[in-house]
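Accompanying notes for the structure given below.
2 protein chains.
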Amino acid sequence: METAAARTEAAGSDLPFDVFARACPSRETLEHVTGRWGSLTVGALREGPCRFNELRRRVEGVSEKMLSQTLHALERDGIVHREAQPTNPPRVDYELTPLGIEVADRLLALIHCVEGSMAQVLTARGAYDATRAGR
Amino acid sequence: METAAARTEAAGSDLPFDVFARACPSRETLEHVTGRWGSLTVGALREGPCRFNELRRRVEGVSEKMLSQTLHALERDGIVHREAQPTNPPRVDYELTPLGIEVADRLLALIHCVEGSMAQVLTARGAYDATRAGR
DNA sequence: CAGCATCCAGCACGATACTG
DNA sequence: CAGTATCGTGCTGGATGCTG
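In the order they appear, the protein sequences are chains F and W. Under the UniProt record's numbering, the first residue of the first sequence is numbered 1, with each subsequent residue one higher. Under the UniProt record's numbering, the first residue of the second sequence is numbered 1, with each subsequent residue one higher.
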């Protein structure tokens, strides 16, 4: 009972996918979803469908390039749906798929947990830094 | 109602911390927790306290350096507690703090959600790639 | 065992410019 | 508006070697 697979099974889950295993494709998807911009993009889309530039405004600080890249990865994974109207000027709406909503809800639970704990975190940081002040 | 802060408030949350805002410290903590190795480290520690090298084995593929770095960040944020015994050879145990457990549970919910959706994800990827086969 | 220090390759990312 | 293309760089992160 040393391997990741063995532990996963011991934990009651016999799914074929295990993020703790080196080469599992679920790691990629998890990274797309939890990545620096992925998590914020998915979180922002939970508020409802959104166009490209509006999304850029929701996710403060994201560059055009990174948002585009992030959206492509999420679309490929079936988390985000892209709806393009062939009008002029072009209009493209992004929205979460049903799967995306599932993921977004867990993600937002985590985000809110972190946001709500920031006072504690900041205190912990102060204490940690204080013990190392002299070095 | 354009800014991240305004939206957050409109969404019913009037917390002072908003990850969608450019310079919010919660972004850092979220990244520590959701980062490539952070998420796996926190997830692995949810199984119980663990020594350095055992942790390295649980989180397949992590290098010494990255694990060390990750643990420091998590310790500083008050997610992980480090307990060192001054014995020889040295023995150090890492474990989640109460806050860490809160976070880990949300994180694992997300991880299991992703793991359980991988069949769907892989199908979506196939479909996506198929439509772009010719370019 | 539990780690820090150093080196360095690669790519993640931002800035800028251009297209339909 | 909604992107793609290209370029430059600073940081990420792996490999290696050393310490207590």
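Where a beta carbon is used, it is the ideal one built from N, C-alpha and C, also for glycine.
Worksheet entry | Cutoff 6 Å; reference residue 47/W; Cβ partners in own chain excluding five residues on either side | none
Discussion item. Report the CB separation of residue 55/W from residue 80/W in whole angstroms; it is logged as a contact under 8 Å.
Written reply: Rounded, the Cβ-Cβ distance is 10 Å, inconsistent with contact.
Fill in: Per-residue DSSP class, three states only, for residue 60/F
coil
Worksheet item: Are any of the Cβ atoms in chain F nearer than 9 Å to that of residue 50/W?
Response: No, because no Cβ of chain F sits closer than 9 Å to the Cβ of residue 50/W.
Item to complete: Assign residue 77/F to buried or exposed, taking buried as 16 or more other Cβ atoms, counted over all protein chains shown, within 10 Å of its Cβ.
Response: buried
Discussion item. Quick check: what's the CA-CA separation for residue 33/W versus residue 74/W?
Written reply: 7 Å
Practice prompt. Just grab the DSSP bridge partners of residue 85/W for me.
Written response: 91/W
Discussion item. Count Cβ pairs between the stretch 78–98 of chain F and the stretch 85–102 of chain W that sit closer than 8 Å; are there 3 or more?
Written reply: no
Worksheet item: In chain W, what lies closer than 7 Å to residue 94/F by C-beta?
Response: The premise fails here: residue 94/F is roughly 15 Å from chain W at the closest Cβ pair, so nothing lies under 7 Å.
Discussion item. Just to check my reading of the structure: residue 103/F and residue 113/W have Cβ atoms closer than 8 Å, yes? What is that Cβ distance to the nearest angstrom?
Written reply: 6 Å
Practice prompt. Answer yes or no: do residue 40/F and residue 121/W have a C-beta to C-beta separation smaller than 9 Å?
Written response: The answer is no: Cβ separation not under 9 Å.
Item to complete: Could you tell me whether any Cβ in chain F is nearer than 9 Å to the Cβ of residue 120/W?
Response: yes
Discussion item. Short of 8 Å in beta carbon distance, which residues of its chain neighbour residue 111/W, apart from the five on each side in sequence? Order them along the chain.
Written reply: 39 and 43
Worksheet entry | Whole-angstrom C-beta distance between residue 106/W and residue 109/F, which should lie under 8 Å | 5 Å
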